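Read the structure below first, then the notes.
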Amino acid sequence: MKRALAMFRSRVISGLVLIFVGGLFAACKTAPDTPPVKVFQSDAYQPLAISARRLEIIDNWQMPVAAPYVGHRIDPLPSNILADWASHVLRPAGGSGEIVFDMRRVAVTMTDLPQKVGIDGLFTDQQSRKVTAEINAKIMWLQPVGGTQALADLSASHSITVRESATASEVSKTINESLQGALVRLDSQMRRELARVDRIILR
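According to the working numbering, the sequence shown holds residues 48 to 250 in order.
Right under this line is the structure:
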């Protein structure tokens, strides 16, 4: 009887060891890397015919590279992406004036989130970080003939949380997605603001 009990215990322990080792091997398997999201795709944004002879883009944002800023991880850089978007959407289509797009802030940051403590936090894949993209810009429409001018302040942000077990490629994907979300919101706001200005958009 004692021998049978000992054999049973041995088999149980062996089974638990195999399960534990199998779990370790499964944990060691890395998920396939997913390519980062392309932040700006021209076919997602309808160009606007602007009553102006030229578009001027001004970059007044000096991008920090120290924590918590992570915008330098995005390729192309956020300011270049925003400039590409402005060039695609704001299309000069004739007129005597100009449209000016002034980039004031194109920041992407990643900050730590408060974590649960105790047993609940130990066995939970918590959201450990938050990625936030912020875009601030100004649009100026200057018409020398008649002295017409218009000014619009634009501001948009988008945040996404990152789980504790996220891989480097998943974090990179989240960083790109946060800027993409802010750009979508900025585009919507810009169209609403320009729609309020008489004769700036050529139908």
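Glycine is no exception: its CB is placed at the ideal position from the N, C-alpha and C atoms. All values derive from a computational prediction rather than experimental measurement.
Closest residue to residue i among the options (Cα-Cα distance)
i, options, result
"L201", "R138, S89, A140, L233", "L233"
"L129", "V244, Q227, D90, P115", "Q227"
"T158", "G142, F148, S175", "S175"
"S219", "H119, E103, I248", "H119"
"R254", "R138, A203, L160", "Nothing can be reported for residue 254, as the shown portion of the chain is limited to 48 through 250."
CB of residue i within 9 Å of CB of residue j, strictly
i, j, result
"A180", "A215", "no"
"E182", "R210", "This sequence places Ile at residue 182; Glu is not what is there. Not a contact, by the Cβ cut-off of 9 Å."
"I97", "I146", "yes"
"I222", "K177", "no"
"M110", "S134", "no"
"P191", "S235", "no"
"A184", "F148", "yes"
Residues sharing a beta bridge with residue i, DSSP
i, result
"A96", "R138"
"I248", "I97"
Residue i, DSSP secondary structure in three states
i, result
"M110", "coil"
"L102", "strand"
Quiz item: Which ranges would you report for the alpha helix (DSSP H) in the stretch 145–213 if only whole runs of at least 4 residues count?
Solution: 166–169
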